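Participant: Have a look at the structure that comes next, please.
Numbering (the working numbering), first residue to last: 58 to 512.
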């Protein structure tokens with residue numbers, strides 16, 4: 058077996074699991090797990106440090122802990138398989154990068170998620186401790202010679218191609234925590250990067266928590282996202298550009314005061330009309346801001362010529378405004394009905410609670426450095442409040458605890474009265490309600506595998 062990585066093995070380590078607090082060993086639910094100081098601990102686990110290149114198939118098992126040292130590249134034709142319950146720890150300046158033609162198969166389970174987190178001890182972890190996970194594929198983008206920013210070796214940075222059905226692998230029941238760091242100014246890694254990933258890629262039941270840059274960024278391709286949680290991203294929670302044409306359903310996004318946009322939607326900065334144009338279709342999104350009285354945080358910024366559609370969604374708690382549109386090419390997409398927000402509820406936005414869109418005074422008083430771009434005098438309020446979009450403003454979605462960062466309550470109460478529309482084929486057509494969670498639901502798709510640690 059040829060592996061260019063460096064492997065360092067040490068036994069006798071222990072690490073804490075994401076179980077509830079315990080009183081007895083039996084509370085931990087596994088004979089291999091002991092209750093120590095009221096926490097469930099696996100003792101005598103093997104720790105394996107990984108660095109460099111993985112050039113042949115690997116299986117990472119749950120009875121070991123894997124420590125990423127530097128940028129770790131999975132090269133074709135290798136497949137990295139990660140078992141349910143495995144923990145991967147990222148050291149400073151580390152990341153896992155799966156290059157085109159290679160694959161990551163990370164299939165966790167609700168009771169045994171795969172967890173990528175900081176190598177720092179619990180209580181000392183923070184956003185940006187390590188780089189994150191990046192999957193690079195061969196699906197179309199709208200830029201020739203696309204390269205992923207944030208990598209210090211251009212040999213591995215290229216992505217994109219002409220195969221929309223390609224797969225970058227599988228992420229199921231996976232958490233990515235405390236990731237996202239800047240290698241250079243304006244060249245950051247995100248918690249999860251999907252670059253040129255095609256329709257056969259599976260990304261579902263994934264949480265990205267407390268990243269220093271974007272939570273999830275999608276560069277081109279047509280990968281689909283399902284059942285995604287993005288919490289406390291310190292820049293944008295979901296960012297798309299370079300021609301993403303995929304679908305997404307059941308997205309729960311919660312920001313703290315450090316975050317920027319809930320969604321930043323772009324086509325391409327260099328050529329706003331580049332083809333294929335970014336045009337994803339989203340259903341059942343819950344977008345929750347910090348709930349602060351002031352700040353520059355928006356739910357959505359549409360810019361750089363993006364198209365797309367956001368439907369059956371809830372937007373609340375953003376201190377600046379809900380939607381800002383930037384650039385005349387983006388305005389043209391709205392006027393052509395290629396960019397839409399419909400069947401969506403807006404509540405508790407801005408300092409007044411009803412500042413849903415920027416006014417013309419807002420547009421002229423703030424400089425581009427404050428997040429404004431010329432939209433040619435486009436009136437967001439007049440556009441998005443048209444009756445044909447069936448959007449609702451000022452009605453309480455009756456979410457019990459939306460701004461709680463450690464034990465959030467995102468499910469609308471059962472008597473929430475505004476219905477959505479039935480999503481089209483290819484989506485879960487039964488989700489004819491607003492937001493990522495069915496009103497009044499007792500069992501949630503986030504149960505068991507998500508977590509919201511502060512450090």
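Glycine residues also receive a C-beta, built at the ideal position from the N, C-alpha and C atoms. It should be emphasised that the depicted structure is a prediction, and the values quoted were computed from it without experimental measurement.
Start and end of the alpha helix (DSSP H) containing residue 387?
Facilitator: Here the alpha helix (DSSP H) through residue 387 covers 385-392.
Participant: Take residue 131 as the anchor and find which of 212, 172 and 169 has the nearest alpha-carbon.
Facilitator: Out of 212, 172 and 169, 212 has the C-alpha closest to the C-alpha of residue 131.
Participant: Return the Cβ separation of residue 111 and residue 129 in integer angstroms, given the expectation that the two are a contact with Cβ distance under 8 Å.
Facilitator: Contact holds; Cβ gap of about 7 Å.
Participant: Ends of the beta strand (DSSP E) at residue 266?
Facilitator: Here the beta strand (DSSP E) through residue 266 covers 259-266.
Participant: Could you check whether the region 430-446 touches the region 374-386, counting it as contact only if at least three pairs of C-beta atoms, one from each stretch, sit closer than 8 Å?
Facilitator: In short, these stretches touch, since the Cβ pair count reaches three.
Participant: Residue 308: beta carbon under 7 Å from a heavy atom of the ligand ADP?
Facilitator: Only the bare structure without any ligand can be found here, which leaves the ligand ADP out of the picture.
Participant: Who are the near neighbours of residue 114 in its chain, counting only those whose CB is closer than 6 Å to its CB and skipping five residues on each side?
Facilitator: Only 135 and 136 meet the Cβ criterion.
Participant: Could you say which of 467, 311 and 192 lies nearest to residue 158 if we only look at CA atoms?
Facilitator: Selected option, being the one with the closest Cα: 192.
Participant: Is residue 274 helix, strand or coil when you go by DSSP?
Facilitator: If DSSP states are grouped into helix, strand and coil, residue 274 belongs with the strands.
Participant: For the alpha helix (DSSP H) that contains residue 403, what are its first and last residues?
Facilitator: From DSSP, residue 403 is part of no alpha helix (DSSP H) but of the beta strand (DSSP E) over 396-404.
Participant: According to DSSP, what are the bridge partners of residue 204?
Facilitator: In the DSSP output, where bridge partners are listed per residue, residue 204 has 215.
Participant: Where residue 201 and residue 463 are concerned, what is the direct C-alpha to C-alpha distance, given to the nearest angstrom?
Facilitator: Taking the straight line joining both Cα atoms gives about 42 Å.
Participant: Are there 16 or more other CB atoms within 10 angstroms of the CB of residue 367, so buried, or fewer, so exposed?
Facilitator: So residue 367 counts as buried.
Participant: Drop a sphere of 10 angstroms on the beta-carbon of residue 409, count the other beta-carbons inside from all chains shown, and report buried for 16 or more, exposed for fewer.
Facilitator: Classification of residue 409: exposed, given that the 10 Å Cβ count is below 16.
Participant: Answer yes if the region 250-257 comes into contact with the region 180-200, meaning at least three C-beta pairs across the two stretches below 8 Å, and no otherwise.
Facilitator: At 8 Å Cβ cutoff, the stretches touch.
Participant: Near residue 263, which residues of its chain fall below 6 Å by C-beta distance, leaving aside the five closest residues on each side in sequence?
Facilitator: For residue 263, where only same-chain residues beyond five positions count, the Cβ hits under 6 Å are 228, 231 and 285.
Participant: Determine the burial state of residue 457: buried for a count of at least 16 other Cβ atoms within 10 Å of its Cβ, exposed for fewer.
Facilitator: Exposed.
Participant: Which whole-angstrom value is the C-beta distance of residue 362 and residue 324, which I expect to be below 8 Å?
Facilitator: That belief holds up - the Cβ atoms of residue 362 and residue 324 are roughly 4 Å apart, short of 8 Å.
Participant: What residues in its chain sit with their C-beta under 8 Å from that of residue 332, if we drop five residues either side in the sequence?
Facilitator: Answer for residue 332: 199 and 300, listed in chain order.
Participant: Quick one: complete beta strand (DSSP E) runs, 3+ long, within the region 294-368?
Facilitator: Here the runs fully enclosed are 295-298, 304-311, 318-322, 338-345 and 355-359.
Participant: Thinking just about the alpha-carbon of each residue, which of 184, 270 and 465 is nearest to the one in residue 175?
Facilitator: Checking every option, the nearest Cα to that of residue 175 belongs to 184.
Participant: For the beta strand (DSSP E) that residue 282 lies in, which residues bound it at each end?
Facilitator: Per DSSP, residue 282 belongs to the beta strand (DSSP E) from 281-288.
Participant: Can you tell me whether residue 235 is helix, strand or coil according to DSSP?
Facilitator: Residue 235: coil per DSSP, three-state reduction.
Participant: Among the candidates 259, 314, 358 and 260, whose CA atom is the shortest distance from the CA of residue 298?
Facilitator: The candidate whose alpha carbon is nearest that of residue 298 is 358.
Participant: Just to confirm before moving on: does the CB-CB distance between residue 105 and residue 141 stay below 8 Å?
Facilitator: Their beta carbons are not under 8 Å apart, which means residue 105 does not touch residue 141 by this criterion.
Participant: In its own chain, which residues sit with a C-beta less than 7 Å from the C-beta of residue 440, not counting the 5 before and 5 after it?
Facilitator: The residues are 391.
Participant: Starting from residue 196, follow the beta strand (DSSP E) in both directions and report where the run begins and ends.
Facilitator: Unbroken run through residue 196: none, as it is neither H nor E.
Participant: Could you check the C-alpha separation between residue 426 and residue 499 for me, to the nearest Å?
Facilitator: Here the model assigns residue 426 a pLDDT of 48, short of 50, so the residue's position is not dependable, and the following value carries that caveat. Between residue 426 and residue 499, the C-alpha separation is close to 44 Å.
Participant: Taking the CB atoms as reference points, tell me whether residue 376 and residue 354 lie closer together than 8 Å.
Facilitator: Yes, they are a contact pair.
Participant: In this structure, how does DSSP classify residue 417 when only helix, strand and coil are distinguished?
Facilitator: Here residue 417 sits in helix by DSSP.
Participant: Could you tell me which of 322, 374, 265 and 133 sits nearest to residue 189, measuring between CA atoms?
Facilitator: It is 265 whose Cα lies nearest to the Cα of residue 189.
Participant: According to DSSP, is residue 435 part of a helix, a strand, or is it coil?
Facilitator: Coil at residue 435, not helix or strand.
Participant: Nearest to residue 473 by alpha carbon, out of 453, 161 and 479?
Facilitator: Selected option, being the one with the closest Cα: 453.
Participant: For residue 60, which residues of its own chain have a beta-carbon under 7 Å away from its beta-carbon, when the five flanking residues on both sides are left out?
Facilitator: Its pLDDT being 38, under 50, residue 60 is placed unreliably by the model, and nothing is read from it.
Participant: Can you check whether the CB of residue 413 is closer than 8 Å to the CB of residue 438?
Facilitator: The answer is yes: Cβ separation under 8 Å.
Participant: The beta strand (DSSP E) with residue 130 in it runs from where to where?
Facilitator: It spans 128-131 - the beta strand (DSSP E) in which residue 130 sits, taken as one unbroken run.
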